[in-house]
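Quick notes on the structure that follows.
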Amino acid sequence: MTHPQRPTPPADAAQRRAVRPTIVYEVEQLPAFDAEFYERARTGMTLVSETIVPRREGRTIRVPKGHLFRIVSVEGPQVGDLNLWNAADLTERFFSGKTRALHATHVTTGDRLWSTLPSLRPMATITHDTLAWYGYDADGGGVHDVIGTRCDPYTNQLLKGVPYHHCCHSNLTRALATTTGLPLSEAEPLVHDVLNVFMCTGFTHDTHQYFMKASPVRPGDFIEFFAEIDLLAGLSACPGGDCGSSHSDDVAPCYPLKVEVFAPRPESLVGWTSWARNSYVHP
Ligand SMILES: [Zn+2]
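Residue numbers (the working numbering): 18 to 300.
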């Protein structure tokens, strides 16, 4: 990629660059992650459903509020693209950008997945992540990003000039249409930027371009969420497989993903209430 030449820096460029950064949001004001509560909810929970998301396909899963769900690696390293909707109102959906701004470029245990404006509330809380050990590597890569969007056929058409029909965007669109009975044209605008489950990504140190590298996920690894509201989850087993080489084609080895839904012991939720929508109202 070529860029126009940069102008000569001003005389005080070094001073301007040296000002100290400020964390944008005062996240310590957010309601704290109550580790004890979530641990209690996980303890003794019962498996109530299992869904296999076939490779290069998408599926939806309903998760009642107060239940937990896991995305599990099976058979081989595989990345999943996750969408979340309020099961009762599909216009309220996962807000990848605000989740990134509130937490970080990559999320793990203790982080929340926030919903779009005007609701802006936690849809789910990450209660366990077997890849939490990964942190950030020497390339600046981390796991489970909220910086990518989802592979889609339009970008692929733009860059490669070829149609491909099993991008995560298309898989999620078809899965949502199947579940809701909506025509594809109405389901498609409801598909949104994802949580890239198990994907290892970052920005290059020099040009700050989005990169991916082979996911460290192995069969048996999982990420687990507590549903803070009634959820409809959509998951695509990305055609990029472990996303170590290509995507948006059938070249990479791909594997299914498993989604498990668990019911907690009712007594473990005593005192817990689902999150209300954000209380701000326009004047
Ligand atoms: Zn994908």
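Idealized CB from N, CA, C, for every residue including glycine.
Between the options, which lies nearest to residue i when the distance is taken from Cα to Cα?
i      : options                           : result
Asp266 : Ile69, Cys184 and Pro200          : Cys184
Tyr55  : Gly114, Ala118 and Gly127         : Gly127
Gln226 : Thr133, Thr108 and Ile164         : Ile164
Pro48  : Arg129, Thr68, Thr172 and Ala58   : Arg129
Ile88  : Phe239, Val36, Pro206 and Gly288  : Phe239
Arg294 : Val160, Asn213, Ala105 and Pro206 : Ala105
Arg191 : Gly152, Gln46 and Val70           : Val70
Cys255 : Cys271, Phe242 and Leu249         : Cys271
Ala118 : Thr133, Thr290, Leu64 and Leu193  : Thr133
His123 : Gly152, Ala58 and Arg73           : Gly152
Glu67  : Pro273, Thr195, Val287 and Tyr297 : Pro273
Lys115 : Ala149, His145, Ser187 and Val41  : Val41
Thr290 : Gly261, Val298, Glu245 and Tyr297 : Glu245
Skipping 5 residues on each side, what residues in its chain have a beta carbon closer than 6 Å to that of residue i?
i      : result
Leu189 : Gly75, Asn100, Val208, Gly251 and Ser253
Asp259 : Pro94, Ala231 and Ser232
Val15  : In the structure as shown, the chain begins at 18 and stops at 300. Residue 15 is therefore absent and cannot be evaluated.
Pro24  : none
Pro27  : none
Lys177 : none
Gln32  : none
Ala149 : Thr125 and Thr126
Quick one: what's got a C-beta closer than 8 Å to residue i's C-beta in the same chain, skipping five residues either side?
i     : result
Gly61 : Pro281, Arg282 and Ser285
What distance in whole Å lies between the Cβ atoms of residue j and residue i, which are believed to be in contact at a cut-off of 8 Å?
i      : j      : result
Trp292 : Pro135 : Rounded, the Cβ-Cβ distance is 14 Å, inconsistent with contact.
His84  : Val278 : 6 Å
Below 7 Å CB to CB, which residues in the same chain sit around residue i once its five sequence neighbours on both sides are set aside?
i      : result
Thr197 : Ala204
Gly257 : Val96, Cys168, Ser263, His264 and Ala269
Tyr181 : Pro170, Asn173, Ser265 and Asp266
Asn321 : Any answer about residue 321 is impossible in this case: the structure gives the chain only from 18 up to 300.
Thr147 : Asp238 and Phe239
Gly157 : Gly219, Phe220 and His222
Under 7 Å from any heavy atom of ligand 1, does the C-beta of residue i make it?
i      : result
Cys185 : yes
His209 : no
Gly75  : no
His120 : no
Pro270 : no
His264 : yes
Asp162 : no
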